[in-house]
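Using the UniProt record's numbering, the first residue of the sequence shown is number 1, and each one after it goes up by one. All residues carry an ideal CB built from backbone N, CA and C; glycine is no exception.
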Amino acid sequence: MRILVVCGAGASSTFVAQRVRHAAQASGLDITATAGTEQSLPIDLDAADVVLVGPQLIPKLDRITEAAAARGTRVILMPHDIFRDLDGSRTLALVTAPAPPHPRSSTDIPSTERTSS
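Here is the structure:
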């Protein structure tokens with residue numbers, strides 16, 4: 001599995017990528033993890049199976065998810081406190097957990113189930 005960790009400028013993602021690499025190695029998993037930035041994402045996506053997105057990129061998450069979906073790449077939003085995961089085990093658990101079912105959009109919900117606000 002190839003993991004791409006993306007944050008705004010790349011500094012935080014470098015630490016997360018290193019930690020998840022070490023956790024994967026300690027667990028005997030064949031996982032690579034690299035750091036990227038929002039600007040490098042269009043190129044980096046081609047070499048990723050999973051993209052871990054830093055919480056500072058929440059406003060751009062839909063765009064990132066669309067670009068990743070076009071390549072069959074899974075996107076996981078990291079929690080705001082992920083940078084405290086010093087051994088990478090929590091981050092690794094995010095990646096190795098089964099993908100949750102795709103949430104239904106409002107157009108997938110029959111009109112009888114929709115509520116107006």
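CA-to-CA distance, residue j to residue i, given in whole angstroms
| i | j | result |
| --- | --- | --- |
| D49 | M1 | 6 Å |
| S89 | V75 | 18 Å |
| D47 | L61 | According to the sequence displayed, residue 47 carries Ala and not Asp. Between A47 and L61, the C-alpha separation is close to 19 Å. |
Residue j beta carbon less than 9 Å from that of residue i
| i | j | result |
| --- | --- | --- |
| V52 | L86 | Note on identity: in this sequence residue 52 is Leu, with Val being the wrong assignment. Contact flag unset, no. |
| S27 | L92 | yes |
| L41 | L4 | yes |
Buried versus exposed, by CB contacts within 10 Å (16 or more), residue i
| i | result |
| --- | --- |
| residue 146 | Residue 146 cannot be examined here, being either before or after the span of the chain that is shown, 1 to 117. |
| R21 | buried |
| A24 | buried |
Residue i - containing alpha helix (DSSP H), residue span
| i | result |
| --- | --- |
| L61 | 61-69 |
| T91 | 89-96 |
Any chance the region 30-47 sits against the region 12-19, with 3 or more Cβ pairs inside 8 Å?
yes
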